[in-house]
Amino acid sequence: MTATVSTTAPLTGEYVVDTLAALARVPSAVPLGVRTLIDPDHPTLVHYVQDHLRPKFLEAGATDIIDLPANQFAVRFGDGHGPVLALMAYTPTQHHNLMPDPWSGRIRTPIERGVDEPCLFGQGVSQNKAHQACLLDLARWIVAERVPLNGTLLLCVNNEGRSSHDCSRAILDALPYRPDLVVQLFCTGFEVSVGNRGRVDVIIDVTGQATHSSSPPNEGRVIDIVADVVIRLRELDATVRARAEHPELGREQVVPYLVGYEPLAPHTLPASARITVDRRLLPGTDPAEAAAEIAAALEGIEGCEVRPGVTMLPAYLPPERREVLGALDAAVAARLGEARHGVYGGSFDAGGPSERGIPTVMFGVPAEGDLLGDDFVRLSAVRDEAAVLRDTVTRFLRK
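For the sequence shown, position 127 (counting from the first letter as 1) is numbered 127 according to our numbering, and the numbering increases by one without interruption.
Put into structure tokens, the structure is as follows:
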């Protein structure tokens, strides 16, 4: 799908808003279909990162660009002396897949949604593009105002779209400095997210016998095997939930969320099935051991093969380490009122830097749209995030 509006025409004369509108007109979505993961060097992301994001940083005067593996880069301000702050924005657009006119970058006031202020519409504006625009605004401000920094600021473009931490690991391996704090920009509703549960997708392949439904076999009926598997998983889920609970992150779980059968043919019992299980993880739980526990629970059921799939690690910044958030908390308080610490309900990328002992949190504008339908962000929220990031940098890297 091509953009419907020029990517260069200014709308308002306000840099962060016009930049967001321009980015919103460029496709960046994970293609619809059964493959929900996207590689960092997918042509859509290469075009978006190299032909749009990178040139915009150069146009903003940010010329110290560090090329990183996996079609990624970081913009550096500072020389490595003193504290190191990394702000990270992501590129794959994963939701709002059925949004009409997804690449319009249109500004309007959606009264029908109970919102009486201007908003910018476009697929991915709340998940990632508002944050990219704020990083560009930050870079332009630092260059234009010659902002003095005592330390190093790294503005990182991350292409993680495979439910892993591979892109973050590649960034951290290649950066010349280890960050003292990573702030992953994400739609948290301006809450500072200090943790999230991890997740391993456990894949259960079931094989049996395909026959006409008029003459089903006595054994090897794939749908019956799947039913037995789901019952065992429900029992294991109850055991896992009762075993441990984190005071902030909650409980672990074992929940099948996807079942596919092959072949799907008229009046035919399928020959195979695949069950995908959401195995949520708390800090300290090994993903491989969690998958092995599922395999053990299914022993005795013929035709099942269990293996771990994509994995995202849990993240948690305990209260005794949250002094590193002083600059961010103060910046939030100055703009929005007292900073709120919370946890993210899903799994995201904070577990990547966290596994290396790097304090990592998430922060950003609210997401107010529909999961499959419209995506939009209030212009006031974009301005708030941009202001908070400027203030955070100033306080964290104060001269």
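For each residue, glycine too, the CB sits at the ideal point set by N, CA and C.
In the structure shown, Leu-336 adopts helical secondary structure according to DSSP, grouped into three states. For Cys-167, the uninterrupted alpha helix (DSSP H) segment begins and ends at 166 to 174. Here Val-143 is not bridged, per DSSP, to any residue. Here Asn-159 really is in contact with Pro-40; their C-beta atoms are around 4 Å apart, less than 8 Å. Shown here, Ile-204 sits in a strand according to DSSP, grouped into three states. Burial check for Asn-196: the Cβ neighbour count within 10 Å reaches 16 or more, so the residue is buried. Secondary structure at Val-26: coil, using DSSP grouped into helix, strand and coil.
By the neighbour-count definition (other C-beta atoms within 10 Å, threshold 16), Gln-72 is a buried residue.
Excluding the 5 residues flanking it on each side, Ala-271 has same chain C-beta neighbours closer than 8 Å at Thr-207, Gly-208, Gln-209, Ala-210, Val-222, Glu-262 and Pro-263, in chain order. Leaving aside the five residues that flank Gly-309 on each side, the residues in its chain whose CB is nearer than 6 Å to its CB run, in chain order, Asp-201 and Ile-203. Each residue's CA atom was taken as its position, placing Gly-105 and Leu-120 some 6 Å apart.
C-alpha of Val-388 to C-alpha of Ile-294: approximately 44 Å in a straight line.
Just measuring C-alpha positions, the residue of Ala-367, Tyr-15 and Gln-184 sitting nearest Leu-155 is Gln-184. In the same chain as Ala-174, and ignoring 5 residues on each side of it, the C-beta atoms closer than 7 Å to its own belong to Leu-68 and Pro-69, in chain order. About 5 Å separates the beta carbons of Val-16 and Ala-133, which is inside the 8 Å limit, making them a contact pair. The Cβ neighbour count for Ser-214, taken over all protein chains shown within 10 Å, is under 16; the residue is labelled exposed. In this structure, Ile-301 keeps its C-beta atom at 7 Å or more from the C-beta atom of Gly-161. Between Ala-330 and Arg-232, the gap from beta carbon to beta carbon reaches 7 Å or more. Within a 10 Å sphere around the beta-carbon of Glu-385 sit 16 or more other beta-carbons, which makes this residue buried. Residue pairing by DSSP places Asp-67 opposite Phe-73 in a beta bridge. Going by beta carbons, Leu-11 and Lys-129 fall outside the 7 Å limit. Here the C-alpha atom of Gly-78 lies approximately 59 Å from the C-alpha atom of Ala-227. In the three-state reduction of the DSSP assignment, Glu-112 falls in the helix class. Here the alpha carbon of Arg-322 sits roughly 37 Å from the alpha carbon of Arg-307. Of the residues assessed, Asp-64 falls on the exposed side of the cut-off, its CB having fewer than 16 other CB atoms within 10 angstroms. Annotation for Leu-313: Gly-198, Gly-351 and Glu-355 place their beta carbon closer than 6 Å to its own, counting only its chain and skipping 5 residues before and after.
Using a Cβ-Cβ distance cut-off of 8 Å, the stretch 355 to 367 and the stretch 163 to 182 are in contact, since at least three pairs of beta carbons, one from each stretch, lie closer than that value. Within the stretch 311 to 383, the complete beta strand (DSSP E) segments at least 3 residues long are 341 to 344, 360 to 363 and 376 to 378, listed from N- to C-terminus. Per the DSSP secondary-structure output, Cys-119 pairs in a beta bridge with Arg-108 and Arg-378. Of Thr-36, Leu-372, Val-382 and Leu-397, the smallest CA-CA separation from His-96 is found for Leu-372.
Secondary structure of Ser-272 (DSSP, three-state): strand.
For the pair Ala-367 and Ser-126, the CB atoms are nearer than the 7 Å cut-off. If you look at Leu-58, you'll find it in the alpha helix (DSSP H) that goes 54 to 59.
Taking all protein chains shown into account, Ile-142 has 16 or more neighbouring C-beta atoms within 10 Å of its C-beta and is therefore buried.
Straight through space, the alpha carbons of Asp-286 and Tyr-48 are spaced by roughly 36 Å. Closest in alpha carbon position to Val-324, among Ala-139, Val-192, Val-343 and Tyr-257, is Val-192.
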